[in-house]
Amino acid sequence: MKKFKSITVNETTFEAVDRLSETLMPRIKLSKAQVVENLVKGSHEETTNNKEKSWDQKKKHRRYIENIRN
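As structure tokens, this is what we get:
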């Protein structure tokens, strides 16, 4: 895996990351890299949780349909 030391983002995104470096974790100033890492991890966890919820909903629906049929 290649690691890059910099990325290019538009000015608005850069400003948002800069603001989040001070507000994401109260009383701690994060580096911009830490902000991006936290956002990516949070986004990944949210996606994983949504997939699990969706799978659980599908299983419940299948059980419901099976109970109706029986």
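FYI, in my numbering the residues of the sequence shown are 77 to 146. Note that CB positions come from ideal geometry on N, CA and C, so glycine has one too. Predicted model only: the values in this text are computed from it and were never measured.
Q. Can you tell which of Phe90, Thr89, Val111 has the C-alpha that lies nearest to the C-alpha of Thr99?
A. Here residue 99 corresponds to residue number 23 of the sequence shown, with the count starting at 1. Closest option to Thr99, Cα to Cα, is Val111.
Q. Is Leu106 helix, strand or coil when you go by DSSP?
A. In the sequence shown, counting from the first residue as 1, residue 106 sits at position 30. In the structure shown, Leu106 sits in coil (DSSP, three-state: anything other than H, G, I, E or B).
Q | Proximity of Ser97 and Leu106 at Cβ, strictly below 7 Å | A | Taking the sequence shown and counting its residues from 1, one reaches residue 97 at position 21. Taking the sequence shown and counting its residues from 1, one reaches residue 106 at position 30. Yes, these two residues count as a Cβ contact at 7 Å.
Q.
What would DSSP say about Thr88, mapped onto helix, strand or coil?
A. As a working mapping, residue 88 is identified with position 12 in the sequence shown. Helix.
Q. Which of the three DSSP states, helix, strand or coil, is assigned to Leu96?
A. Residue numbering aside, residue 96 sits at position 20 when the sequence shown is read from its first letter. It is helical.
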